[in-house]
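Below: the structure, in structure tokens.
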Amino acid sequence: MGGVACGLIAVGILPAMWALPGLELAQFPFRLLPIAEFALATAAAFAPWGLALLPLAWIPLLWAVLATSVVGNEGVSIAVLQQLHPDVPENLPPGGPRLYTSPSRWALGVAQSHRARQFAKGTTIEPIFYFPAWEIRCGGRQVASFADPPTGLLAYRGKDCVRRLVRTGPERAGAMISALALLIILLSLLRRRSAPAQ
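Going by this note's numbering, the first residue of the sequence shown is number 976, and it counts up by one from there.
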């Protein structure tokens, strides 16, 4: 039941929950989904065979919630959204006022005033939000990037540089841990198969 509850909370069945003190700073509510997935996988692994598929019963309920969700109408047309491509609320930097189901006025304003790369006083501001996974190379040399204070956009010292997404240190560590866990699971399965029957 905990996995089902986590899944429903993550997709916004209780939007008021994300307005509670502390939780309103959560940048990605859907990051709760891996916890739900782990809980459901664990329940399936330890359940008797007849009940092993029971945790999957929450999937139709999840689809029903998503299909019947009401999107707030803030007077922003689809054409405007397609023109500006603003980030949806859950992808905005944490903090600050934003509605759960509506486009952010702040993001629309940033998108309107930063349609292209801008350069001033030795600093370039890209028309995308800062994220640690962005790697910037100027003339083949890697330079540090940072969030532009007024906008939260990707900024760095240099001009006409190349940006690309790379794996961050925590992402690489997580991939190694996942690979090690998979190896342990495979070795334990092989050991069980090779053990003599009693």
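Backbone N, C-alpha and C define an ideal beta-carbon position, used for all residues, glycine too. Since we're looking at a predicted model, the values are computed, not measured.
Here V1137 has R1112 as same chain residues with Cβ atoms under 6 Å from its own Cβ, once five neighbours each way along the sequence are excluded. Judged by DSSP in its simplified three-state form, T1126 adopts coil rather than helix or strand.
Judged by DSSP in its simplified three-state form, C981 adopts helix.
Annotation for F1094: the continuous beta strand (DSSP E) segment containing it runs 1093-1095.
P996 has its alpha-carbon roughly 36 Å from the corresponding atom of T1098.
Beta-bridge annotation (DSSP): V986 is not paired with any residue.
In the structure shown, the three-state DSSP call for P1102 is strand.
Counting every other CB atom within 10 Å of its CB across the protein chains shown gives V1141 a total below 16, marking it as exposed.
Cβ-Cβ distances below 7 Å link L1007 to C981, I984, A985 in the same chain, with the five nearest sequence neighbours on each side left out; the list follows chain order. One alpha carbon belongs to W1109, the other to A1011, and they sit about 29 Å apart. Ranked by Cα distance from G1133, the options P1145, S1120, G1084, G1144 are led by S1120.
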